[in-house]
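S.K.: Please read through the structure below; I'll follow up with questions.
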Amino acid sequence: MASQLPAFPRTIFTIVEPISLIGGFLGPFIDPDWFIASQLDNPEASTVVPRDDNARLVALQLGNAYGLLFLLGVAVLYTSTELKVVRNYLIALWIADISHVGVTCWLLGYDRTVDVVSWNAVTWGNVGFTAFLCLTRTAYLLGLFGPDSKAVTASKKTA
């Protein structure tokens with residue numbers, strides 16, 4: 000019942016995030032070698048080297064996982080009639096956000112993590128955008144956007 004969420008988190012979780020997940024799905028399918036090279040490096044289009052089939056498979060499976068997250072998000076946020084289900088879904092994503100950013104920063108290393116100016120688009124997605132989503136989830140779960148609106152229930156006409 001995402002319609003009960005305050006306007007800002009509702010827009011982020013029901014529109015912006017699903018679009019970003021489609022991007023995460025398409026990237027490895029359009030060019031798996033670029034996608035693999037872009038995880039920690041800042042490759043120029045002319046310097047992307049072909050990868051082996053194992054690396055391509057992992058990239059394509061990651062893209063598939065992004066597609067699954069898109070489908071789950073749409074299913075939960077657009078079809079659930081229980082706000083508790085939506086909140087639990089957002090808590091699960093909040094936990095995943097923390098590990099996603101943490102693992103990426105760990106493998107980037109301290110110097111590349113703090114060198115924000117040199118981040119490529121994939122790093123901005125993995126760290127910057129995911130941190131934004133995590134902070135938005137945190138603020139929502141703490142009630143900083145205000146209370147959820149009340150569910151509107153249909154009433155039956157009586158004769």
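First residue of the sequence shown: 0, per numbering that gives the first Met the number 0; consecutive thereafter. For each residue, glycine too, the CB sits at the ideal point set by N, CA and C.
Under three-state DSSP, which class holds residue 31?
M.R.: The answer is helix: DSSP assigns residue 31 an H, G or I state.
S.K.: Can you tell me the Cβ-Cβ gap for residue 147 and residue 39, rounded? I've got them flagged as a contact below 8 Å.
M.R.: The Cβ separation is near 39 Å, so there is no contact.
S.K.: Just curious, the alpha helix (DSSP H) that residue 135 is in, first and last residue?
M.R.: Residue 135 -> alpha helix (DSSP H) spans 129 to 140.
S.K.: Applying the criterion that 16 or more other CB atoms from any shown protein chain within 10 Å of the CB defines a buried residue, is residue 80 buried or exposed?
M.R.: Per the 10 Å Cβ criterion, exposed.
S.K.: By a C-beta neighbour count over all protein chains shown, 10 Å radius and 16 as the cutoff for buried, is residue 102 buried or exposed?
M.R.: Burial call: exposed.
S.K.: Report buried or exposed for residue 31, applying the criterion of at least 16 other Cβ atoms within 10 angstroms of its Cβ.
M.R.: Residue 31 comes out buried.
S.K.: Quick one: what does DSSP say residue 118 is sitting in, helix, strand or coil?
M.R.: Here residue 118 sits in coil by DSSP.
S.K.: Kindly indicate the opening and closing residues of the alpha helix (DSSP H) around residue 13.
M.R.: Per DSSP, residue 13 belongs to no alpha helix (DSSP H) and is neither H nor E.
S.K.: Considering only the alpha carbon of each residue, which of 37, 34, 85 lies closest to residue 140?
M.R.: It is 85 whose Cα lies nearest to the Cα of residue 140.
S.K.: Taking C-beta to C-beta, are residue 35 and residue 55 nearer than 9 Å?
M.R.: Yes.
S.K.: Please work out which residues of its chain come closer than 7 Å, Cβ to Cβ, to residue 68, disregarding the five sequence neighbours upstream and downstream, and give them in chain order.
M.R.: Hits under 7 Å: 20.
S.K.: Is the Cβ-Cβ distance between residue 1 and residue 77 less than 9 Å?
M.R.: The answer is yes: Cβ separation under 9 Å.
S.K.: Report yes or no: do three or more beta-carbon pairs, one from the region 97 to 113 and one from the region 125 to 132, lie closer than 8 Å?
M.R.: With the cut-off at 8 Å, the region 97 to 113 and the region 125 to 132 touch.
S.K.: Confirm, please, whether the CB-CB distance from residue 120 to residue 37 is below 9 Å.
M.R.: A contact, by the Cβ cut-off of 9 Å.
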